[in-house]
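Take a look at the structure below.
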Ligand SMILES: CC(C)(COP(=O)(O)OP(=O)(O)OC[C@H]1O[C@@H](n2cnc3c(N)ncnc32)[C@H](O)[C@@H]1OP(=O)(O)O)[C@@H](O)C(=O)NCCC(=O)NCCS
């Protein structure tokens, strides 16, 4: 084949989608035409989830019905919670979550159908069930994991916090989680979404596609970056010298987590939004060191490498200030991105063609086969 190979498919248009627009020139990000600034300031996560899944913003009646459906679908079979309680706590939480979601697919009532309506029901169920999995990942043997989920708060963000041990959280905490869920919900053909679409394109099922996506999101170049950022911030704080930490790593050509983006080369609009919320949290908690440490890293990275922070950079310190365990930062991303993945799986199934690119072969040319006895 003579076509040029584009490493990492950088800039390649791999399909059509009506879900999310990433305007890399103007730096804008829109879900179905609505700016991320408007959505994060004026909508709730449930409104955004509805927008992504159903294609339009809900009116009040739609929203009530959707929230009722989410609340009704929250419970997770006991054997899935037993599985999470049985595995060692040292198991990576994304590995555990990937397997738990795969198990959930085994007896989903719609598992045999890829029809749009069936996929939609699976999407709503999984979106509703993920918080219970997150709670079990954070505290595998806690008794509250088996409490009837309808007794939890109605709002998705507050419900999530309650499962992470925060009963009656303050309004600011709920707002930060809600905004974070909105910002993480969708980002067109990112690696995990593309993995989901590749799986869906073989007409495999919804849970298989989501399982592929979770495995892909785990990596530190993608969703795993938010946990890696917090580990880095804690290291820098312990060492006490930002400039030395960064210059040593940049000299060795190491990646600084939470910086750079394949598409958003001129800055990530989501970063500015979560940065403001992380700052408000720090002020409210009287803990300003993460904001000043992060600002110094941001200035240095722009000066030295011309790189901007991405969403993961300030999400990490926001989650830390909320008191969330670092090992569940990326699983929390899953609780949000499930909506974007689901929208893409449905879009793929509804207008499918198998995704099957080519490679440029770089191995040996044709050669004679040597019989086993004659090989050196
Ligand atoms: C997101 C990411 C994978 C995009 O990668 P990419 O588009 O393939 O960009 P490249 O790796 O080709 O980087 C281009 C240049 O910028 C540098 N660079 C990119 N991100 C960097 C980072 N976070 N820290 C230091 N240098 C970085 C590369 O070393 C390379 O430099 P060079 O031209 O001197 O070799 C990359 O920026 C990264 O690894 N970031 C850190 C992980 C992260 O935060 N991921 C979450 C993404 S939302």
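In our numbering, the protein residues as written are -15 to 360.
Each residue gets a CB set at the ideal place from its N, CA and C atoms; glycine is no exception.
Predicted model, so just to flag it, every value in this text is computed and none were measured.
Buried or exposed: where does residue i fall if 16 or more other Cβ atoms within 10 Å of its Cβ makes it buried?
i: residue 71; result: exposed
i: residue 10; result: exposed
i: residue 109; result: buried
i: residue -9; result: exposed
i: residue 125; result: exposed
i: residue 208; result: buried
i: residue 113; result: buried
i: residue 335; result: exposed
i: residue -5; result: exposed
i: residue 332; result: buried
i: residue 337; result: exposed
i: residue 24; result: buried
i: residue 236; result: exposed
i: residue 343; result: exposed
i: residue 273; result: exposed
i: residue 348; result: exposed
Roughly how far, in whole angstroms, is the beta-carbon of residue i from the beta-carbon of residue j, given that I think they are within contact range, below 8 Å?
i: residue 297; j: residue 244; result: Contact flag wrong, Cβ pair sits at about 10 Å.
i: residue 51; j: residue 105; result: At roughly 16 Å, the Cβ-Cβ gap does not stay under 8 Å, so residue 51 and residue 105 are not in contact.
i: residue 64; j: residue 84; result: 5 Å
i: residue 322; j: residue 184; result: Actually they are not in contact, since the Cβ atoms of residue 322 and residue 184 sit about 14 Å apart, beyond 8 Å.
i: residue 148; j: residue 167; result: Going by Cβ atoms, the distance from residue 148 to residue 167 rounds to 18 Å, so no, they are not a contact pair.
i: residue 301; j: residue 268; result: That belief does not hold up - the Cβ atoms of residue 301 and residue 268 are roughly 13 Å apart, past 8 Å.
i: residue 327; j: residue 36; result: 4 Å
Determine the direct distance from the alpha carbon of residue j to that of residue i, and round the result to whole angstroms.
i: residue 0; j: residue 181; result: 12 Å
i: residue 285; j: residue 169; result: 26 Å
i: residue -3; j: residue 171; result: 14 Å
i: residue 153; j: residue 187; result: 42 Å
i: residue 368; j: residue 288; result: The structure shown does not extend to residue 368, since the chain is modelled only from -15 through 360, so no value can be given for it.
i: residue 141; j: residue 248; result: 27 Å
i: residue 123; j: residue 312; result: 10 Å
i: residue 115; j: residue 310; result: 16 Å
i: residue 224; j: residue 230; result: 12 Å
i: residue 4; j: residue 352; result: 51 Å
i: residue 395; j: residue 87; result: Given that the chain is displayed from residue -15 to residue 360, the structure contains no residue 395 and the question cannot be resolved.
i: residue 16; j: residue 107; result: 18 Å
i: residue 202; j: residue 308; result: 18 Å
i: residue 299; j: residue 194; result: 23 Å
i: residue 278; j: residue 359; result: 59 Å
i: residue 271; j: residue 47; result: 36 Å
Query raised in the report: Counting Cβ pairs, one atom from each stretch, are 3 or more of them under 8 Å apart for the segment 200 to 212 and the segment 247 to 257?
Result: no
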